[in-house]
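Protein chains in written order, with this note's numbering: chain A, 240 to 852; chain B, 2 to 249.
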């Protein structure tokens, strides 16, 4: 009995931290409608700053709590700075560009933190006066965690007072419900947004600083917490503080007891829970339909099939690419093989985002399913490469068919979160099903047979298969299939009233995109000779998103351009500097600020302008 | 006159508000039936009940004798009920012609083709429909940049592309200049004669209603309060009291 009580209490302590971070996320989202990926980075910065300050001042209780508060304030200021310097310029950009920008911040913060604090885990000192533990029914429980448990409701109460008893809070609530109305009432949105970013980021920083006595501070904290905070916010209902509180409690308990009941699938449990909640309650526990974010992609100008000389550009590019092995060395071919594979991955994601308005945060799942499908066949059944490569899109397509059935039932950010949930489930199964997948040791020895083993031979094979798939995706975009997908995005109402089953079409598109990503994954597996769970982890999904957005979602060539640009930049930066994340993040920020329509869109605009002039 | 649509005792509430209560009427081929009533009378709700966007709490809607209650809009459309919306709904990222082609692709169940360009399918049919509604010259413009009145005409062409037996038009001339309104309704009337269509429309412009409707039904607070020829409805004291108010 007492054991369960302690477990329950530690669940509450987890919930307190979760609530601090996710309340900040939900406030920022509610007012600015920006999905702030950098929120986790603020949490991490709070932890690092907290560590430094606690080391310096933390020998007395006053010093310790002063250090925590100072870290929160400093991180809040950074958040306000991000609003003024970056987000403010992007409020009129498509939501996805705001997302991309915050992801650029994630990368920059990663390397900045690594530069300042190093890559070693940092163990902080414990809170003075709270080092011991209390006995709860004869079970020891850390005193510090008890304080945390009290802090959750305290912060909720303070936030409630702030939002309901102050003029500023009332304005924030007004802006949350209706941005246009708030500015009509004479509220300066810019100042309000800066304040909200300050508050939200400070809460993240506070959550981070409070972790110092509990766990080692490291460079992986940002992604881990932001994904969990998203889950909390989505489960609770976007923009709802009380919802975030309730969801934090539930998820804290789920983690505390889940580990006892299902030790094998602890990683999956939270995402499974979110998926179930979203299927039953479309807008989260306490969310309202009107708070739901709109579908992420706004309809662009008509897709125009290239006319005249430009029509031959893809064929010309293919011919050029096919000739590269005649002049290039092995290293260039390896990089180029990866570019072609990633171009297919990006193009398959673009089918969903660009044509369907369906932003997937978990496209890596299908890339990974393809890679693992192929590798498992090779490992367990000694399948020849052609068979394994044929199975890759099939396995991924079936996976996408299953996951897509759930995902297309929701739209906008909720769709995105469901795709993320399924990707995390697939990742965790791969990671934890040691006997079959080898866990994080991956599967080695997935090499092509002799005839395709040469770098040039495998490059040509990749070019033929991925090029063929790219051609099919391109044809499909201009064919009735792609038009129908766009019709559903432009106006679901109109599409349904002219006989189109929008949901079923989105479902099939999801499966098609998944199997194309699966082919890319299969090709990737044989190009590397191995597969690892990281192939289907969040960063790969984010990379794919960045490629699509970099290239611009309004052109079909965009994802290909984006994949090439992204991968070449990444490879180049990685080979030249250890601070490649910093470089990449900075480039993303510059690109977002300079080319709000993506690079390919920018070039097309130049082209059209030049022609019209 | 063959009976197309038969609506009986339609009911629908939103929370505690009874938006439509016991509405019954019939609509025959060759008729242009106007559904009028003050704002909030339940006209759009009625439309949404007829084309399947909303499910009635009670009542039946029969199309050529077949009960269509509970079917989704896309099924009801396939059975021959076309619709234009009060707030136009078109595919903004496509050209005017592609909008109509999209409907034709759906009519011919060609939505899943992966290879041949959609823009090549049913091009002539789409152009013929656009010429019919006077939008031929703007066929290649993106729908997203059209004037509102032109969008209404595109919607009409899209509805006609489905070759409907019954056409539901929710405020078909809203946002148009007076001359345009008469023109669009004259076009509608001639389509009714040509194709034997049955049209049900709502409208706030009384010149349009009394100039083009063959019959009028009047809705007030969810209930039908009058029905008849334009002359009979115009003379009906209940209509004057409720709908036309003191002005009449």
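C-beta: ideal position from N, C-alpha, C; glycine also.
Whole-angstrom distance between residue j and residue i, CA atom to CA atom
i: residue 522/A; j: residue 473/A; result: 8 Å
i: residue 584/A; j: residue 639/A; result: 14 Å
i: residue 176/B; j: residue 149/B; result: 6 Å
i: residue 524/A; j: residue 516/A; result: 7 Å
i: residue 75/B; j: residue 427/A; result: 45 Å
i: residue 481/A; j: residue 431/A; result: 22 Å
i: residue 422/A; j: residue 147/B; result: 29 Å
i: residue 249/B; j: residue 398/A; result: Here residue 249/B scores only 39 on pLDDT, less than 50, and its place in the model should not be relied on; the value that follows carries that caveat. In a straight line, the C-alpha of residue 249/B is about 57 Å away from that of residue 398/A.
i: residue 832/A; j: residue 488/A; result: 39 Å
i: residue 827/A; j: residue 486/A; result: 33 Å
i: residue 821/A; j: residue 358/A; result: 15 Å
i: residue 575/A; j: residue 796/A; result: 17 Å
i: residue 577/A; j: residue 801/A; result: 13 Å
i: residue 160/B; j: residue 590/A; result: 28 Å
i: residue 73/B; j: residue 824/A; result: 47 Å
i: residue 845/A; j: residue 549/A; result: 14 Å
i: residue 568/A; j: residue 754/A; result: 31 Å
i: residue 635/A; j: residue 606/A; result: 7 Å
i: residue 103/B; j: residue 189/B; result: 22 Å
Residue i and residue j closer than 8 Å at C-beta
i: residue 600/A; j: residue 558/A; result: no
i: residue 774/A; j: residue 610/A; result: yes
i: residue 21/B; j: residue 8/B; result: no
i: residue 603/A; j: residue 696/A; result: no
i: residue 375/A; j: residue 241/A; result: yes
i: residue 86/B; j: residue 156/B; result: yes
i: residue 251/B; j: residue 112/B; result: Here chain B has residues from 2 to 249 only, and residue 251/B is not among them.
i: residue 664/A; j: residue 510/A; result: yes
i: residue 594/A; j: residue 790/A; result: no
i: residue 444/A; j: residue 313/A; result: yes
i: residue 497/A; j: residue 415/A; result: no
i: residue 299/B; j: residue 717/A; result: Coverage of chain B is limited to positions 2 through 249, which leaves residue 299/B absent and any answer about it impossible.
i: residue 171/B; j: residue 45/B; result: yes
i: residue 319/A; j: residue 437/A; result: yes
i: residue 711/A; j: residue 115/B; result: yes
i: residue 853/A; j: residue 647/A; result: Lying before the first or after the last residue shown, residue 853/A is absent from chain A, which here runs from 240 to 852.
i: residue 572/A; j: residue 698/A; result: yes
Backbone secondary structure at residue i - three-state DSSP
i: residue 230/B; result: coil
i: residue 201/B; result: strand
i: residue 505/A; result: helix
i: residue 37/B; result: strand
i: residue 87/B; result: coil
i: residue 409/A; result: helix
i: residue 712/A; result: helix
i: residue 654/A; result: helix
i: residue 100/B; result: helix
i: residue 375/A; result: strand
i: residue 68/B; result: strand
i: residue 639/A; result: helix
Cβ neighbour criterion (16 or more within 10 Å) applied to residue i
i: residue 501/A; result: exposed
i: residue 239/B; result: exposed
i: residue 690/A; result: exposed
i: residue 420/A; result: exposed
i: residue 109/B; result: exposed
i: residue 90/B; result: buried
i: residue 221/B; result: buried
i: residue 570/A; result: exposed
i: residue 10/B; result: exposed
i: residue 278/A; result: buried
i: residue 765/A; result: buried
i: residue 855/A; result: Outside the shown range of chain A, which is 240 to 852, sits residue 855/A, and nothing can be said about it.
i: residue 829/A; result: exposed
Any non-hydrogen atom of the ligand GTP closer than 7 Å to residue i Cβ
i: residue 11/B; result: Of ligands this structure carries none, so the ligand GTP is not represented either.
Supposed close pair residue i, residue j - CB separation, criterion 8 Å
i: residue 470/A; j: residue 276/A; result: At roughly 14 Å, the Cβ-Cβ gap does not stay under 8 Å, so residue 470/A and residue 276/A are not in contact.
i: residue 586/A; j: residue 709/A; result: 6 Å
i: residue 770/A; j: residue 614/A; result: 4 Å
i: residue 446/A; j: residue 283/A; result: With a Cβ gap of about 10 Å, residue 446/A and residue 283/A do not count as contacting.
i: residue 369/A; j: residue 382/A; result: 5 Å
i: residue 853/A; j: residue 494/A; result: No answer is possible for residue 853/A: the residues shown for chain A start at 240 and end at 852.
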